[in-house]
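Colleague: Residue numbers (this note's numbering): 1124 to 1320. By construction, the Cβ of each residue, glycine as well, lies at the ideal position given by its N, Cα and C atoms. Everything numeric in this text was worked out from a predicted model, so none of it was measured.
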Ligand SMILES: Cc1cc2nc3c(=O)[nH]c(=O)nc-3n(C[C@H](O)[C@H](O)[C@H](O)COP(=O)(O)O)c2cc1C
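(1) If distances are taken between C-alpha atoms only, which option among 1212, 1126, 1282 and 1274 comes closest to residue 1143?
(2) Going by CA-CA distance only, name the one from 1202, 1284 and 1248 that's closest to residue 1162.
(3) Would you mind giving the Cβ-Cβ distance between residue 1294 and residue 1251, rounded to the nearest angstrom? I have them listed as a contact below 8 Å.
(4) Here's the rule I'm using: 16 or more other beta-carbon atoms within 10 Å means buried, otherwise exposed. How should residue 1157 be labelled?
(5) Name all residues in chain order for which at least one heavy atom of ligand 1 lies closer than 5 Å to the residue's CB.
(6) Would you give the residue range spanned by the alpha helix (DSSP H) that residue 1191 belongs to?
(7) In the DSSP assignment, find the alpha helix (DSSP H) that holds residue 1141 and state where it starts and stops.
(8) With 16 as the cutoff for other CB atoms within 10 Å, does residue 1217 come out buried or exposed?
(9) Quick one: measure Cβ to Cβ for residue 1247 and residue 1151, integer angstroms, because I've assumed they're closer than 8 Å.
(10) Which of the three DSSP states is assigned to residue 1175 in this structure?
(11) Please name the residue or residues paired with residue 1181 in a DSSP beta bridge.
(12) Hey, quick one: how far does the beta strand (DSSP E) through residue 1153 stretch, first residue to last?
(13) Among 1278, 1273 and 1265, which has the Cα closest to the Cα of residue 1169?
(14) Quick check on the burial criterion: 16 or more other C-beta atoms within 10 angstroms. Buried or exposed for residue 1166?
(15) Per DSSP, residue 1252 forms a beta bridge with which residues?
(16) Whose CA, out of 1233, 1164 and 1128, lies closest to the CA of residue 1188?
(17) Under 7 Å Cβ to Cβ from residue 1275, same chain only, skipping five residues before and after it: list those, please.
(18) Thinking just about the alpha-carbon of each residue, which of 1273, 1287, 1134 and 1148 is nearest to the one in residue 1181?
(19) Which one of 1229, 1257 and 1146 has the shortest CA to CA distance from residue 1302?
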C-alpha cells in the first residue's frame, strides 16, 4: 500500500501513525500552575533525546494545561508508571477543568521533588525531574524538551546495579491499546554494557 497522509482524514492518519510507531513509552507528566495547582497527564509522544546530559522530550497535541504550566514555570516531572498504575494513569488522561487536581481525581499521593516544584506520583517507582530547555512546535504538536536534573529510582526495581526492565514493568502504548514489555533475554544471558541508542 502506498499512502499519502494528506488524502486521509485526521482520525485515519492518527490511527495509522500511532499503529506504526509502537511501542511508545508513556511520560506521566506532573506540573504545577503559577497558582500552585497540581496537574498530571499521560503523554505517549515521548522519548529520550540526549544522554549527556540527559534530556527527554514529549509532545503536547494542542495547548493543554501541562504545556501551559511547563511554559509558565519551566519545570516538570516525568513519572514512570508501572503496569500496576495503568488504571490511574488512564484516569488522568481525560480532559478535566484546569482547576481540577488529577492527583486527587485518580486517588494518587503527591511526593515532594528534590530540584523542581511539581510533585512526583508517590506510587510510581521512578521519576525524572526536569527543567524546560525549549518548546519546538511542528504540525499540531508542541515538543517540550527538558533536561533531567534529578532521578528517583525505587530500590524495588533495582537489580545487579541497574534498573531491571521486568521490575520497572512500564505502561507502554501499543496502537489503540496498552502493552507490556517482555525482555528477550534473561538477566544471566544479558550482553555486557555497551553504547546503543
Ligand atoms: C495513554 C495516553 C497517552 C496520551 N498521550 C498524549 C500525548 O502524547 N500528547 C497529548 O497531547 N495528549 C496525550 N494524551 C491525552 C492527554 O493526556 C489528555 O489530553 C489530558 O487531559 C491532558 O491533560 P492536561 O490538560 O491536564 O495537560 C494521552 C492520553 C493517554 C490516556
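Modeller: To lay it out plainly:
(1) 1126
(2) 1202
(3) Their Cβ separation, rounded to whole angstroms, is 15 Å, which puts residue 1294 and residue 1251 out of contact at 8 Å.
(4) exposed
(5) 1162, 1164, 1165, 1166, 1167, 1168, 1183, 1184, 1187, 1188, 1189, 1216 and 1218
(6) 1188–1196
(7) 1133–1143
(8) exposed
(9) 7 Å
(10) coil
(11) 1169 and 1267
(12) 1150–1155
(13) 1265
(14) buried
(15) 1200 and 1273
(16) 1164
(17) 1243, 1249 and 1250
(18) 1148
(19) 1146
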